[in-house]
Amino acid sequence: MLRAKTGTGSESSQDSERSAEQPVVGVLGAGRAGTAFARVMLRAGIEVDICSTRPPKALRHHLKIYAPGANPVRPEEVAVRTRSRGPGVVILAVPQEELDEVEPDWVSGPEALRTRPITPVLVDATNTWHDELLPGWLQAAVDEQLPSSMAIAGRFSGAHTVKALNHISHHDLEEAANPERALKQRRAVALAGDDNGAVGRVMGLLVRMGFDPVSLGGLAAGKIMEPDGPLFNRSLRREDILHYVR
Ligand SMILES: NC(=O)c1ccc[n+]([C@@H]2O[C@H](COP(=O)([O-])OP(=O)(O)OC[C@H]3O[C@@H](n4cnc5c(N)ncnc54)[C@H](OP(=O)(O)O)[C@@H]3O)[C@@H](O)[C@H]2O)c1
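When we follow the numbering used here, the leftmost residue of the sequence shown carries the number 355, and every step to the right adds one.
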């Protein structure tokens with residue numbers, strides 16, 4: 355499904371072709387975090403599909419206010435569109451207590467898509483808050499003091515998982531992201547992932563959004579990005595994060 359275009363004739367069909375080639379990033383969750391991520395990506399010229407528990411028609415009004423220009427979609431559409439229109443990057447911005455309701459297929463797609471050569475990427479932007487009643491598989495990991503993203507990677511096993519964007523507040527996101535600045539003058543953000551290629555794809559996205567991304571290494575290294583870790587909610591430069599890279 356392409357965005358509706360106005361106008362007729364060859365110009366509008368060329369526009370449609372260009373639009374068809376542009377990658378789409380999916381966002382699961384249209385709350386404070388999901389809409390803030392969408393606003394920053396849209397500002398950077400990245401097309402965004404976003405879903406919530408509400409059907410697209412009901413979401414449209416909410417997005418007019420909180421993420422104008424984002425495409426409201428049904429959750430099942432996210433994988434199909436992100437994988438047919440780009441490298442299949444989907445940001446998870448649903449509270450962890452709701453994750454049993456989030457189907458892994460929303461990221462990796464139905465059977466037919468699974469034979470595609472490029473594995474999709476789940477950007478885990480979620481956090482563990484101890485007042486939430488977590489799904490058993492996630493609580494078990496938290497009890498073992500494992501990073502929550504490792505359990506999330508296990509659940510979304512059809513995708514590579516990259517922990518990112520969880521340690522910056524939606525209040526700060528738009529001001530902190532600045533693609534006009536040179537990399538060294540931008541706010542640095544950390545990421546950690548279970549596949550180098552996927553980490554590279556997410557780094558590219560974060561650079562386009564206007565950050566200076568710093569890879570910590572594998573998912574286990576992302577533990578320091580969690581709410582009780584030293585990177586959480588702090589305005590950081592690259593050197594601050596590199597201090598923690600082993
Ligand atoms: N807020 C921040 O500054 C921030 C920053 C970085 C990371 N995070 C993390 O991101 C996660 C979400 O936080 P938030 O503050 O954005 O929460 P929020 O404002 O409560 O929004 C949650 C969103 O998830 C949607 N949702 C819930 N269950 C769903 C389901 N089964 N399927 C699809 N969508 C579903 C909700 O849908 P409805 O709209 O239909 O209810 C809502 O749009 C948390 O883990 C949080 O720690 C938050």
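Glycine residues also receive a C-beta, built at the ideal position from the N, C-alpha and C atoms.
For residue 547, report the span of its beta strand (DSSP E) as first-last.
In the sequence shown, the residue the question calls residue 547 occupies position 193. Note, residue 547: beta strand (DSSP E), 542 to 547.
From the DSSP output, which residues share a beta bridge with residue 571?
Within the sequence shown, numbered from 1, the residue matching residue 571 stands at position 217. 546.
Can residue 597 be considered in contact with ligand 1, in the sense that its beta carbon sits closer than 7 Å to one or more heavy atoms?
Numbered from 1 along the sequence shown, position 243 holds the residue referred to as residue 597. Answer for residue 597: no, Cβ out of range of ligand 1.
How far does the beta strand (DSSP E) with residue 610 in it extend, from its first residue to its last?
In the structure displayed, the chain extends from 355 to 600; residue 610 sits before or after that span and is not available.
Residues near residue 544 by beta carbon distance below 7 Å, same chain, minus five either side:
For the purposes of this step, residue 544 is taken as the residue at position 190 of the sequence shown. Excluding residues within five positions, the ones whose Cβ falls inside 7 Å are 521, 568, 570, 579, 585, 595.
For the segment 400 to 407 against the segment 415 to 431, do three or more pairs of beta-carbon atoms, one drawn from each stretch, fall closer than 8 Å, so that the two count as touching?
yes
So for residue 436, helix, strand or coil by DSSP?
One-based indexing of the sequence shown puts residue 436 at position 82. Residue 436 carries a helical assignment under DSSP once its states are collapsed to helix, strand and coil.
Leaving out five residues before and five after residue 436 in sequence, what residues of the same chain have Cβ atoms less than 6 Å from its Cβ?
Looking up residue 436 in the sequence shown gives position 82. Non-local beta-carbon contacts of residue 436 in its own chain, meaning distances under 6 Å to residues more than five positions away in sequence, involve 378, 380, 442, 444 in chain order.
My assumption, with CB atoms under 8 Å, is that residue 573 sits in contact with residue 507. Please give the rounded CB distance.
The count along the sequence shown starts at 1 and reaches residue 573 at position 219. The count along the sequence shown starts at 1 and reaches residue 507 at position 153. With 8 Å as the limit, residue 573 and residue 507 qualify as a contact, their Cβ atoms being about 6 Å apart.
Do you know how far the Cα of residue 488 is from the Cα of residue 482?
Working through the sequence shown from its first residue, we reach residue 482 at position 128. Working through the sequence shown from its first residue, we reach residue 488 at position 134. Straight-line spacing of the CA atoms in residue 482 and residue 488 works out to 8 Å.
Between the Cα of residue 583 and the Cα atoms of 502, 532, 409, which residue gives the shortest distance?
By one-based count along the sequence shown, residue 583 stands at place 229. Of the listed residues, the one whose Cα sits closest to residue 583 is 502.
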